[in-house]
Amino acid sequence: MWDSGWDSLFSRVEWGKYPGEELIRFVARKFYSAPDRRAVRLLEVGCGTGANVWFMAREGFSVDGVDGSQVALDSAANRLAGEGLHAGFVLGDAMRLPYEADLFDAVIDVECIYANSLADSRKIIAECHRVLKPGGWIYSKTFATGMSGEETAEALPGEPHTYVRMPDAPLHSDYGIIRLTSREEIPVLYGAFSELEVDYIERSQGNQKTLLREWIITGRKAVCS
Numbered sequence: 012m013w014d015s016g017w018d019s020l021f022s023r024v025e026w027g028k029y030p031g032e033e034l035i036r037f038v039a040r041k042f043y044s045a046p047d048r049r050a051v052r053l054l055e056v057g058c059g060t061g062a063n064v065w066f067m068a069r070e071g072f073s074v075d076g077v078d079g080s081q082v083a084l085d086s087a088a089n090r091l092a093g094e095g096l097h098a099g100f101v102l103g104d105a106m107r108l109p110y111e112a113d114l115f116d117a118v119i120d121v122e123c124i125y126a127n128s129l130a131d132s133r134k135i136i137a138e139c140h141r142v143l144k145p146g147g148w149i150y151s152k153t154f155a156t157g158m159s160g161e162e163t164a165e166a167l168p169g170e171p172h173t174y175v176r177m178p179d180a181p182l183h184s185d186y187g188i189i190r191l192t193s194r195e196e197i198p199v200l201y202g203a204f205s206e207l208e209v210d211y212i213e214r215s216q217g218n219q220k221t222l223l224r225e226w227i228i229t230g231r232k233a234v235c236s
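Position one of the sequence shown corresponds to residue 12 (the working numbering), numbered consecutively onward.
Following this line, the structure appears as structure tokens:
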């Protein structure tokens with residue numbers, strides 16, 4: 012569910028301008044060998060200020076980004092325009108993606124789905140599956156259980172490892188909700204995808220004072236027989 016606090020955050024905070032190494036590796040492995048990169052359509056849900064969209068557009072792909080924050084989308088569009096790049100940005104809800112079915116070669120989620128309840132996360136993932144072409148890929152990077160700050164977090168009643176505040180966690184937590192995903196939940200959430208691969212990133216921050224854990228989940232929409 013969209014939280015207006017994101018608009019305030021995007022107005023105040025200078026976000027990273029470059030994509031993560033894991034996403035670069037995923038895009039390179041799946042699509043760098045495409046004979047015509049413009050024919051490859053990529054969508055990022057929760058694209059924010061557009062670091063990932065910028066990278067994919069710069070690499071020559073046809074890219075779309077959807078986000079609930081107009082502030083973030085304006086920032087993303089201005090950055091791309093300033094470099095002569097283009098992407099299709101849409102103000103929208105990831106639970107109701109404004110795209111037809113079977114359209115994209117990959118859907119990218121970099122810390123978007125985590126900011127939703129378990130039920131809403133299922134809806135978003137189902138939408139990602141719907142808009143993918145048969146044979147298309149999902150890439151999902153999401154916060155994992157076992158990270159610092161859980162022991163002092165304020166839980167959301169009725170939701171497993173979901174919190175309304177995580178003041179001691181190594182992430183922004185002053186708005187919306189934070190849902191951490193357990194290993195056991197991954198096949199439940201992403202079970203519609205085949206060729207499911209799950210890896211994780213674990214790193215310390217602040218001179219090893221806090222621990223951040225994230226899942227990297229990839230899967231493929233089945234090819235129709």
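We treat Cβ as the ideally placed atom computed from N, Cα and C, and that holds for glycine.
*asked:* Can you find the residues in the same chain that come closer than 6 angstroms, C-beta to C-beta, to Pro30, ignoring five residues on each side of it along the sequence?
replied: Non-local beta-carbon contacts of Pro30 in its own chain, meaning distances under 6 angstroms to residues more than five positions away in sequence, involve Ala62, Asn63 and Phe66 in chain order.
*the region 163-171 / the region 224-235 touching (three or more Cβ pairs under 8 angstroms)*: In the pairwise beta carbon analysis, the region 163-171 is classified as not touching the region 224-235: fewer than three pairs are separated by under 8 angstroms.
_DSSP three-state label for Trp13, please._
Because Trp13 carries a pLDDT of 49, less than 50, the predicted location of this residue cannot be relied on, and the following value inherits that uncertainty. Residue state, collapsed to three classes: coil.
*If you draw a straight line from the C-alpha of Ile136 to the C-alpha of Arg176, how long is it?*
In a straight line, the C-alpha of Ile136 is about 24 angstroms away from that of Arg176.
*Proximity winner among Arg141, Ala92, Asp116 and Gly59, relative to Leu84 (alpha-carbon distances)*: For the options Arg141, Ala92, Asp116 and Gly59, the alpha carbon positioned closest to that of Leu84 is the one of Gly59.
*Give me the Cα-Cα distance between Gly57 and Asn218, rounded to the nearest whole angstrom.*
When rounded, the distance between both Cα atoms is 30 angstroms.
*When you compare only the Cα positions, how much space is there between Ala166 and Phe72?*
Cα-Cα distance, rounded: 41 angstroms.
*Unbroken alpha helix (DSSP H) runs of length 4 or more, entirely within the region 50-132: which are they?*
Whole alpha helix (DSSP H) segments, 4+ residues: 62-69 and 81-93.
*For Phe154, name the three-state secondary structure that DSSP assigns.*
Phe154 falls in the strand class under three-state DSSP.
*Rounded to a whole number of angstroms, what is the C-alpha to C-alpha distance between Trp13 and Gly187?*
Here Trp13 scores only 49 on pLDDT, less than 50, and its place in the model should not be relied on; the value that follows carries that caveat. Those two C-alpha atoms are separated by around 8 angstroms.
*What do you get for Gly202, buried or exposed, if any count of 16 or more other CB atoms within 10 angstroms of its CB means buried?*
Gly202 comes out exposed.
*Under a Cβ-count criterion, where at least 16 other Cβ atoms within 10 Å of its own Cβ denotes burial, should Asn127 be classed as buried or exposed?*
Buried, since its Cβ has 16 or more Cβ neighbours within 10 Å.
_Simplified DSSP assignment, three categories, for Ile188_ = Here Ile188 carries a coil assignment [DSSP, helix/strand/coil].
*Taking the alpha-carbon positions, what's the Ile119 to Leu54 distance?*
Spanning the two alpha carbons is a distance of roughly 6 angstroms.
*Can you give me the Cβ contacts of Val199 inside the same chain, cut-off strictly under 7 angstroms, excluding the 5 residues immediately before and after it?*
Same-chain partners within the cutoff: there are none.
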